[in-house]
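Since the structure comes first, as structure tokens, the remarks are kept for the end.
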Amino acid sequence: MDQRELLTLEHYLKQYGQQAEIFASQLELMENGRMEALAAVEALQGISEADDNTVLLQIGGGASLRVRVLEPDKVLLNIGAEVIVERTNKDAVEFLKDRVIEMEASEKKVVETLDRLRSQMNEINKRLEQGYQQAVQAGRAAPAGSGDQDE
Amino acid sequence: MFGGLRDRLQAARTRLSGSIQAAAARPQEQPDAPAASRPAAPEPQVVPQLRRTATFASKVKTFVIDRELIISENEIADALSELEIMLLESDVALPVTDAIIARIKKDLVGKHRRIGQSVDSLVVQTLRSALLEVLGKGFDLTSYIRDHGHPVKILFTGVNGTGKTTTVAKIGDFLKKQGFSVLIGAGDTYRAGAIEQIEVHAARIGIKIIQHQQGADPSAVLFDSVQYAVSHKIDVILADTAGRFHTKANLMSQLEKIRRVMKPDLVVYVDEAVAGNDAVVRAAEFDRTVGADAVVLTKADMDSRGGAAISIAHTIGKPLMFLGTGQGYDDIVPFSPEAVVEELLGDA
Chain A
596 MDQRELLTLE HYLKQYGQQA EIFASQLELM ENGRMEALAA VEALQGISEA
646 DDNTVLLQIG GGASLRVRVL EPDKVLLNIG AEVIVERTNK DAVEFLKDRV
696 IEMEASEKKV VETLDRLRSQ MNEINKRLEQ GYQQAVQAGR AAPAGSGDQD
746 E
Chain B
2 MFGGLRDRLQ AARTRLSGSI QAAAARPQEQ PDAPAASRPA APEPQVVPQL
52 RRTATFASKV KTFVIDRELI ISENEIADAL SELEIMLLES DVALPVTDAI
102 IARIKKDLVG KHRRIGQSVD SLVVQTLRSA LLEVLGKGFD LTSYIRDHGH
152 PVKILFTGVN GTGKTTTVAK IGDFLKKQGF SVLIGAGDTY RAGAIEQIEV
202 HAARIGIKII QHQQGADPSA VLFDSVQYAV SHKIDVILAD TAGRFHTKAN
252 LMSQLEKIRR VMKPDLVVYV DEAVAGNDAV VRAAEFDRTV GADAVVLTKA
302 DMDSRGGAAI SIAHTIGKPL MFLGTGQGYD DIVPFSPEAV VEELLGDA
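In the order they appear, the protein sequences are chains A and B.
When we follow our numbering, the leftmost residue of the first sequence carries the number 596, and every step to the right adds one.
When we follow our numbering, the leftmost residue of the second sequence carries the number 2, and every step to the right adds one.
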């Protein structure tokens, strides 16, 4: 393996690494969205079960307020395309659960792509390793050969 | 690709068929029902006449095919309302959803419809026409290149991280396989590693690349690319640029400068299908600020909703050119509205 081939492999590795980074950040966004939807499901279920419609509202900085939900069965929900509709608590929970399933399916595809990229990176790494070893061995052999010639 | 939308459309198709079938069944149950639906002639009066004069084929036609009904808006209102919600849930933009519903209403409501054959095929045909109307005609890049003076200069724009550079390489590979000579201009001089990335792509697919150093003026790189292409009689120049958000005024004015210097024949906006409605909004913004002649959506294989692919052409009035469907150079398909509709409506 010559120097140029090693350089190309290094470029490939870098390129795959950049792609993997993009997919990893996409996966993180999806996972955040999924966790957010699950938290909303939990909150909606909690509100529907709460006595007196009173819940604890976190306002940041570790501070919370006891608040009373005026209409616990009327949920304003962004269903997609920036369109917000009013749904009952039960329907909103159902919608969010469906969305979680959809996001899980999408995440699975991204994970598969990431796995594929990582296995390609491993393959390139192996070849690079072999290339480096060959280069080191060739470097050791060269001075010995030139010494023989001198003699 | 677009599995979620396909499932939702199948459900909508069943629901609409059910509504029309229910409407079709009504005249049989209530022969005296007025106006809204035109009942078929009572069988005892028709059959003896046919026995005397008609052939077997015309009997079949009268009994099975010629029965008609007029579909009223009320009869399909609930089904259309459900379809509207289904489309919005798939991130299909509101104006596009409205256009689809309006087209379906126009096709179905108030018209005499034969119910002898298959209500399902009637519904599928209506959905197909409505979707084809919003999807537009697509953009045949190879025909465009054949019909225009060479070199055809194509400038790629879009936000960061959507796969613009990879798309440039994929389209380069696609055009090379179509028999065109291609040159890539490495106009993304801003992102670290972008020049090496496009250089590696170009080497792998065997395409000449013009590049300067990182930090160089992208207008200069692309100007040099045009000069090289003209002197070497190259068919197509694919000009990569740095990703930018339309809100960054200085980067958008840089893009404007590139446009002035390079004078592209086509400006192609690249975004990812998974961004859904955001992709549609961003495409509209880019079109307003620097213009766009066509759109490429990447990562369509990971998009279950399909909202961006359905909405983008109708919303910004510019055609979809390609869909990116994976990591390989071959994983790019010229956008064909018919093929997408076929995939969405399945066995129809």
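All C-beta atoms in this analysis are idealised placements derived from N, C-alpha and C, irrespective of residue type, glycine included.
**Request:** Kindly indicate if chain A contains any beta-carbon less than 8 Å away from that of B:ILE206.
**Result:** no
**Message:** Comparing C-alpha positions only, which one of B:HIS315, B:ALA340, B:GLY4 and B:ARG283 sits nearest to A:LYS704?
**Reply:** B:GLY4
**Request:** Could you please give the first and the last residue of the uninterrupted alpha helix (DSSP H) stretch that includes A:PHE618?
**Result:** 598 to 644
**Request:** For A:ASN621, count neighbouring Cβ atoms within 10 angstroms of its own Cβ and tell me buried if that reaches 16, exposed if not.
**Result:** First, the residue type needs correcting, since residue 621 of chain A is Gln and not Asn in the sequence shown. Under this definition A:GLN621 is a buried residue.
**Prompt:** Of all the options B:SER182, B:GLN212, B:PHE175 and B:VAL227, which has the alpha carbon lying nearest to the alpha carbon of B:TYR191?
**Reply:** B:GLN212
**Request:** Indicate the three-state DSSP secondary structure (helix, strand or coil) for B:LYS154 in the structure shown.
**Result:** strand
**Prompt:** Using a Cβ cut-off of 7 Å, which residues of the stretch 183 to 201 of chain B contact any Cβ in chain A, in chain order?
**Reply:** Cβ contacts with chain A come from GLY194, GLU197, GLN198 and VAL201.
**Request:** Identify whether A:GLU677 lies in helix, strand or coil by the three-state DSSP scheme.
**Result:** Three-state DSSP puts A:GLU677 in coil, outside helix and strand.
**Item:** DSSP beta-bridge partners of B:ALA23
**Value:** Answer is none; B:ALA23 lacks a bridge partner.
**Asked** Can you tell me whether DSSP reads B:GLU273 as helix, strand or coil?
**Response** strand
**Request:** For B:GLY159, name the three-state secondary structure that DSSP assigns.
**Result:** strand
**Prompt:** When the Cβ atoms of the stretch 715 to 734 of chain A are set against those of the stretch 271 to 283 of chain B, are three or more pairs found closer than 8 Å?
**Reply:** Because the criterion of three Cβ pairs below 8 Å is not met, the stretch 715 to 734 of chain A and the stretch 271 to 283 of chain B do not touch.
**Message:** To be precise: take each residue of the stretch 711 to 742 of chain A, compare its Cβ to all Cβ atoms of chain B, and keep it if any distance is under 8 Å. Which residues remain?
**Reply:** ARG711 and LEU712
**Prompt:** Can you give the Cα-Cα distance for A:LEU601 and B:GLY244, rounded to whole angstroms?
**Reply:** Distance between the alpha carbons of A:LEU601 and B:GLY244: 29 Å.
**Message:** Can you confirm whether B:VAL124, when its beta carbon is compared against all beta carbons of chain A, has any partner nearer than 8 Å?
**Reply:** No, B:VAL124 does not count as interfacial toward chain A.
**Sequence-distant residues of the same chain with beta carbon closer than 8 Å to B:GLY327, five excluded per side** = ASP302
**Asked** Distance, Cα to Cα, A:THR683 vs A:GLU677?
**Response** 19 Å
**Request:** Under 8 Å by Cβ, that's how I've got B:LEU142 and B:PRO335 pegged, so tell me the actual separation to the nearest angstrom.
**Result:** 7 Å
**Message:** Out of B:PHE246, B:LEU84, B:PHE175 and B:ASP121, which one is the CA nearest neighbour of B:ASN161?
**Reply:** B:PHE246
**Asked** Taking all protein chains shown into account, do 16 or more other C-beta atoms lie within 10 angstroms of the C-beta of B:LYS264, making it buried, or fewer, making it exposed?
**Response** exposed
**Prompt:** What residue ranges within the stretch 139 to 211 of chain B form continuous beta strand (DSSP E) runs of no fewer than 3 residues, ordered along the chain?
**Reply:** DSSP runs (the beta strand (DSSP E)) wholly in the stretch 139 to 211 of chain B: 153 to 159, 183 to 188 and 209 to 211.
**Message:** As a quick exercise: from A:VAL688, A:GLN614 and A:GLN598, pick the residue whose alpha carbon is nearest that of A:ARG713.
**Reply:** A:GLN614
**Item:** Residue burial classification, B:ARG9 (beta-carbon count within 10 angstroms, cutoff 16)
**Value:** Label assigned to B:ARG9: buried.
**Message:** Within 8 Å of any Cβ in chain B, is that where the Cβ of A:GLU689 sits?
**Reply:** no
**Beta-carbon contacts of B:VAL262 that lie in its chain and below 6 Å, excluding the five residues immediately before and after** = SER220 and PHE224
**Request:** Would you mind stating whether B:ILE71 and B:LEU84 have Cβ atoms separated by less than 8 Å?
**Result:** No. Outside cutoff.
**Message:** So A:ALA700 contacts chain B; which residues on that side make the cut at Cβ distance below 9 Å?
**Reply:** Within chain B, the residues GLY4, GLY5 and SER305 have their CB atoms less than 9 Å from the CB of A:ALA700, given in chain order.
**Request:** Answer yes or no: does any C-beta atom of chain A fall closer than 8 Å to that of B:LEU10?
**Result:** Any Cβ of chain A closer than 8 Å to the Cβ of B:LEU10 would place that residue at the interface, and such an atom is absent.
**Request:** Using a Cβ cut-off of 9 Å, pull out every chain B residue sitting near A:ILE609, in sequence order please.
**Result:** Contrary to the premise, residue 609 of chain A reads as Lys rather than Ile in this sequence. Within chain B, the residues near A:LYS609 are GLY194, GLU197, GLN198 and VAL201.
**Request:** Give the DSSP bridge partners of A:ALA658, in chain order.
**Result:** A:GLY655
**Prompt:** Under the rule that 16 or more other beta-carbon atoms within 10 Å means buried, what is B:MET322, buried or exposed?
**Reply:** buried
**Message:** So, at 7 Å on beta carbons, what are the nonlocal neighbours of B:MET253 in its own chain, with the 5 sequence-adjacent residues on each side left out?
**Reply:** ARG245, HIS247, THR290 and VAL291
**Asked** Excluding five sequence neighbours on each side, which residues of the same chain lie with their C-beta closer than 6 Å to the C-beta of A:THR649?
**Response** ARG661 and ARG663
**Asked** Which word fits B:ALA285, buried or exposed, when buried means at least 16 other C-beta atoms lie within 10 angstroms of its C-beta?
**Response** buried
**Asked** Helix, strand or coil for B:PRO265 per DSSP?
**Response** coil
**Prompt:** Which value, in whole angstroms, describes the spacing of the CA atoms of B:ASP108 and A:GLU605?
**Reply:** C-alpha separation (whole angstroms): 59 Å.
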